[in-house]
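A.B. asks: Quick note on UniProt numbering: the sequence shown kicks off at 1 and runs consecutively. Even glycine gets a Cβ: it sits at the ideal position worked out from N, Cα and C. I have a structure here, written as structure tokens, and I will follow up with some questions on it.
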Amino acid sequence: MPPEERTTLLRPPPPNPSLAPIENILQVTPVNVLGPDIFTNTRKAWVPSGARGIYGGTVIAQCLAAAQKTVPEGFLPHSCHCYFLLAGSGSVPILFHVERVRDGRSYVTRTVQARQRGSCIFTTTISFVREGAGAGAGAGAGAGAGKGEGVGVVRHAVELPEEAKGSLPEGEYECEEGEWGGPFQHVMVPMPAAPTLDGKASGSGKENGKGKGKGKGEGKGIGKGIGNGGDGRKEPHQIRCQQWMRCRGKISAEGGLQAHLNALAYISDSGFVGTVARVHHLWRLPFPPQEYHALPEEQKRRVEHVARHEGLGDDPEGWKALPHLGMMVSLDHSIYFHAPGRVRADEWMFADMDSPWAGDGRGFVTQRIFARDGTLLATCVQEGVVRLAPSPEKPKL
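In structure tokens form, the structure reads like this:
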């Protein structure tokens, strides 16, 4: 294998059938010959179709996996703050350098750099908390205390959204893979339909009041004309993107809670910044809609499935009139683990995403991840570059 195409530093072992697919994908191997607390990807990192680099969730999760190998037993992650610096290559091994920043009685901090060919492509700082460290601290007796809890703690959490109730897939549901596929199952909750694509509410700033949704120097923008108006349609920041998700197979007892947490970190980046494109009803699939009729029937069916659930309608001709996404890249990503001990990534979880703001070529998104019983497991935030594709030049004659 040519050096430039060597995807792992060491020869990858065959997949372990006793592990869930996500466990095999996220394995990291210590490289003691290079120094202490250095790890590498055991298997090739996945590059989604049409993407500039490896899937961001892979490097988030593998950095967490590497950090967890340096943390004392009994500590669980409560926050993880990440920056994507360079597009990661799927043809080059990744080295994960863990720095032991602090080891306290209740909190432990690790910084991890993911490097390829000597360059840092990704960095994260992860804070771990000792289980039970805050059980009796900070609140007066009775403040939010549950029955039998003893000393009270301040406690509250948002509830599972109404849309989740009654929408949980039943039995051994084998759902459609998303447009990228992967080791997770996704069941999308249908979104509101896009506005009628007649030019009056199609979403270009020029066609919807000349400048609505435009910032200084932005040129054409989208915003106020998409998904809202006097007809009761919601504005982009009011639209929610929701889905049920779980990993395929069962996470092993050997992998334990750490494997569940790694899996949650992996899935937290799935389609996350894409929320901006969805609430604006942009065409975001990795091919132009004009190519739809040339696709194989199976792929056509998947495209139709995505279009229906994202409110783009069933008409391929209508898809051509949608604004097209030109570029979308994650810049940063944060995860707050609220109930790390409760995470079971091989059980159905509900993701509730929205986009409070977009402008200046960037978009900001938030996500809440719930267990099926309504427990708020994690909150995630992300910012990314979001740019429209240039409009095709119209003939002058």
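Taking buried to mean at least 16 other C-beta atoms within 10 Å of its own C-beta, is G326 buried or exposed?
C.D. replies: It is exposed - the Cβ of G326 has fewer than 16 other Cβ atoms within 10 Å.
A.B. asks: Would you mind reading off the limits of the alpha helix (DSSP H) that contains I256?
C.D. replies: Here residue 256 turns out to be Gly, not Ile, going by the sequence shown. G256 -> alpha helix (DSSP H) spans G256 to I267.
A.B. asks: Quick one: give me the first and last residue of the alpha helix (DSSP H) that R362 is part of.
C.D. replies: Taken as a continuous stretch (DSSP letters only), R362 belongs to no alpha helix (DSSP H), being part of the beta strand (DSSP E) at R362 to A371.
A.B. asks: How should S127 be labelled, buried or exposed, when 16 other C-beta atoms within 10 angstroms of its C-beta is the threshold for buried?
C.D. replies: Counting Cβ neighbours within 10 Å, S127 comes out buried, since at least 16 surround it.
A.B. asks: Among H260, P36 and A133, whose alpha-carbon lies nearest the alpha-carbon of E347?
C.D. replies: Answer by Cα proximity: H260.
A.B. asks: Give me the residue from T125, P48, A164 and P21 with the minimum Cα distance to D332.
C.D. replies: The option with the nearest alpha carbon to D332 is T125.
A.B. asks: In this structure, how does DSSP classify R105 when only helix, strand and coil are distinguished?
C.D. replies: Coil, per DSSP.
A.B. asks: Under 7 Å Cβ to Cβ from K320, same chain only, skipping five residues before and after it: list those, please.
C.D. replies: Answer for K320: P289 and Q290, listed in chain order.
A.B. asks: Cα separation between E244 and L64?
C.D. replies: Checking the sequence, you will find Trp at residue 244 rather than Glu. Whole-angstrom Cα-Cα distance: 23 Å.
A.B. asks: Looking at C-alpha atoms only, which residue of E304, R155 and T123 is the closest neighbour of P316?
C.D. replies: Measuring from the Cα of P316, the nearest candidate turns out to be E304.
A.B. asks: Please state if the CB of S89 and the CB of Q116 are separated by a distance shorter than 8 Å.
C.D. replies: It is a contact, given that the beta carbons lie within the stated cut-off.
A.B. asks: Give the secondary structure of I54 by DSSP, where H, G and I count as helix, E and B as strand, and everything else as coil.
C.D. replies: Coil, per DSSP.
A.B. asks: Kindly identify the DSSP beta-bridge partner or partners of N41.
C.D. replies: DSSP, once it has assigned bridges, lists V28 as partnering N41.
A.B. asks: Span of the beta strand (DSSP E) holding Q185?
C.D. replies: That run of the beta strand (DSSP E) goes F184 to V189.
A.B. asks: Could you tell me which whole beta strand (DSSP E) segments of length 3 or greater appear in the UniProt domain "Acyl-CoA thioesterase-like C-terminal" (232 to 386)?
C.D. replies: Counting whole runs of 3 or more residues, the UniProt domain "Acyl-CoA thioesterase-like C-terminal" (232 to 386) contains the beta strand (DSSP E) stretches 241 to 247, 325 to 337, 349 to 359 and 362 to 371.
A.B. asks: Tell me where the beta strand (DSSP E) around V92 begins and ends.
C.D. replies: No beta strand (DSSP E) holds V92; DSSP gives it neither H nor E.
A.B. asks: Inspect the CB distances between the stretch 253 to 268 and the stretch 22 to 32 and report whether three or more fall short of 8 Å.
C.D. replies: Contact between the stretch 253 to 268 and the stretch 22 to 32 is present, because at least three Cβ pairs lie under 8 Å.
A.B. asks: Would you identify the three-state DSSP class for A114, choosing helix, strand or coil?
C.D. replies: Looking at A114 - three-state DSSP - the assignment turns out to be strand.
A.B. asks: Under 8 Å, with one C-beta from each stretch per pair, do the stretch 357 to 370 and the stretch 281 to 288 reach the 3-pair mark?
C.D. replies: Touching, no, given that fewer than three Cβ pairs across the two stretches are closer than 8 Å.
A.B. asks: Do you know how far the Cα of D354 is from the Cα of residue 485?
C.D. replies: Lying outside 1 to 397, the shown extent of the chain, residue 485 is not represented and no answer is given.
A.B. asks: Return helix, strand or coil for E163, following the three-state DSSP convention.
C.D. replies: Helix at E163.
A.B. asks: With distances taken from CA atoms, which of W283, P192, V343 and T70 is nearest P323?
C.D. replies: Nearest option by C-alpha distance: W283.
A.B. asks: Kindly confirm or deny that the stretch 296 to 315 and the stretch 338 to 346 touch, where touching means at least three C-beta pairs closer than 8 Å.
C.D. replies: Because the criterion of three Cβ pairs below 8 Å is not met, the stretch 296 to 315 and the stretch 338 to 346 do not touch.
A.B. asks: Is any heavy atom in the ligand ADP found nearer than 7 Å to the beta carbon of V31?
C.D. replies: Questions concerning the ligand ADP fall outside what the structure shown contains, since it holds no ligand whatsoever.
A.B. asks: For my contact list, H81 and S334 are in at a C-beta cut-off of 8 Å; report their separation, rounded to the angstrom.
C.D. replies: Between S334 and H81 the Cβ distance is about 5 Å, and since that is below 8 Å, they are a contact.
A.B. asks: Looking at the secondary structure, which residues open and close the beta strand (DSSP E) in which R6 lies?
C.D. replies: Looking at the DSSP string, R6 is not in any beta strand (DSSP E), and its letter there is neither H nor E.
A.B. asks: Would you say A66 and F39 are within 8 Å of each other, going by their C-beta atoms?
C.D. replies: Cβ distance < 8 Å, so A66 and F39 count as in contact.
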